[in-house]
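Comments concern the structure below.
Numbering (the numbering used here), first residue to last: 32 to 337.
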């Protein structure tokens with residue numbers, strides 16, 4: 032709150048700030064100048080690097096075929112720990128919402144294989160108009176397909192992609208039954224700790240001092256890369272397995288793939304988590320990533336078009 036160009040005297044403004052600090056439980060700091068103490072290398076208060084934030088009003092999609100553990104961990108973080116309002120809406124009733132009421136819609140882990148909602152066009156419009164869509168674990172590829180990678184199903188491009196997918200199907204390989212248990216065990220990623228590289232210069236990496244970050248990993252499907260060179264906020268290390276059992280095949284498949292992608296879409300944003308940053312309500316090291324995706328989802332910018 033600058034003193035310059037104010038109608039009220041400084042003493043009244045100071046008293047008002049003290050009242051706000053007392054009632055809202057916040058700390059008020061004073062500055063003698065808006066200029067950076069590091070000169071041109073720093074950021075001036077009120078300069079273009081400062082972005083205004085809008086109070087979020089998020090909706091969490093729950094209900095049929097959504098993972099109640101993952102959804103509950105999101106609710107626990109926002110409602111119980113952060114004291115932030117969060118609307119829970121059954122995914123079969125999502126089409127009846129007033130879209131403009133919400134800044135964020137969160138799809139947690141679940142089964143979305145047969146989920147083709149009638150409101151898909153409205154969802155894409157909501158994102159284009161400024162909404163933030165967040166997809167987590169198995170919801171991430173579904174959210175991506177609904178927005179960033181969406182192709183009109185009646186277009187020639189969609190028909191060509193469908194034909195190519197059918198041609199890529201490989202025949203089933205016959206295996207000895209005696210190897211069934213060991214083969215299936217190697218195919219499971221039940222829970223491990225992966226080391227990854229975080230771009231802590233990205234707005235979603237705000238508050239992290241180091242680039243190295245440890246993620247709880249229990250979802251084996253790798254997330255497809257993005258063509259945006261600034262869109263991958265986190266990528267797994269070349270040898271990411273840090274603790275827990277991971278088969279060599281799974282580790283190689285996940286090495287250097289994205290763990291967190293953030294893209295702009297129209298005036299809105301699409302944020303994709305390969306993992307659950309709120310695992311069981313105690314994985315505090317990555318809670319901040321999820322909260323940053325709520326508060327800073329409109330701060331980062333899309334690449335300039337050629």
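All residues carry an ideal CB built from backbone N, CA and C; glycine is no exception.
Asked, Found
"Supposed close pair residue 140, residue 168 - CB separation, criterion 8 angstroms", "4 angstroms"
"Extent of the continuous beta strand (DSSP E) run through residue 303", "299 to 304"
"Exposure of residue 211, with buried meaning 16 or more beta-carbon neighbours within 10 Å", "exposed"
"Residue closest to residue 162, alpha-carbon to alpha-carbon, out of 245, 89, 143, 270", "89"
"Status (buried if at least 16 other CB within 10 Å, exposed otherwise) for residue 113", "exposed"
"Spatial distance of residue 326 from residue 84 (CA atoms)", "7 angstroms"
"Where residue 282 falls, given that 16 or more other Cβ within 10 Å makes a residue buried", "buried"
"Residue 235 vs residue 117 beta-carbon contact at 9 angstroms", "no"
"Of the listed residues 254, 267, 111, 176, nearest to residue 312 (C-alpha basis)", "111"
"One or two residues paired with residue 110 in a DSSP bridge", "Answer is none; residue 110 lacks a bridge partner."
"6 angstroms CB neighbourhood of residue 248 in its chain, flanking five on each side removed", "223, 225, 306"
"Pairwise C-alpha distance: residue 269 and residue 55", "46 angstroms"
"Pick from 284, 329, 322, 318 that is closest to residue 297, judged by C-alpha positions", "329"
"The segment 286 to 301 touching the segment 259 to 277, judged by at least three CB pairs closer than 8 angstroms", "yes"
"Per DSSP, the bridge partner or partners of residue 294", "301"
"Reference residue 218; option with closest CA among 280, 237, 209, 274", "280"
"C-alpha distance - residue 331 paired with residue 137, whole-angstrom precision", "19 angstroms"
"Whole-number beta carbon distance between residue 259 and residue 334, since they are thought to touch under 8 angstroms", "6 angstroms"
"Which of helix, strand or coil DSSP assigns to residue 254", "coil"
"Closest Cα partner of residue 179 within the set 257, 107, 131", "257"
"Distance between residue 271 and residue 174 (C-alpha atoms, nearest Å)", "25 angstroms"
"Cα-Cα separation between residue 230 and residue 246, rounded to whole angstroms", "14 angstroms"
"Residue 316 vs residue 275 beta-carbon contact at 9 angstroms", "no"
"Beta carbon of residue 304 nearer than 9 angstroms to that of residue 278", "no"
"Residue 24 (DSSP reduced to helix, strand or coil)", "A query on residue 24 cannot be resolved here, the shown segment of the chain reaching from 32 to 337 and no further."
"Limits of the beta strand (DSSP E) - the one that residue 115 falls within", "Element bounds for residue 115: n/a, residue is neither H nor E."
"Secondary structure of residue 174, DSSP reduced to three states", "helix"
"Expected contact under 8 angstroms - CB spacing of residue 119 and residue 106 to nearest Å", "7 angstroms"
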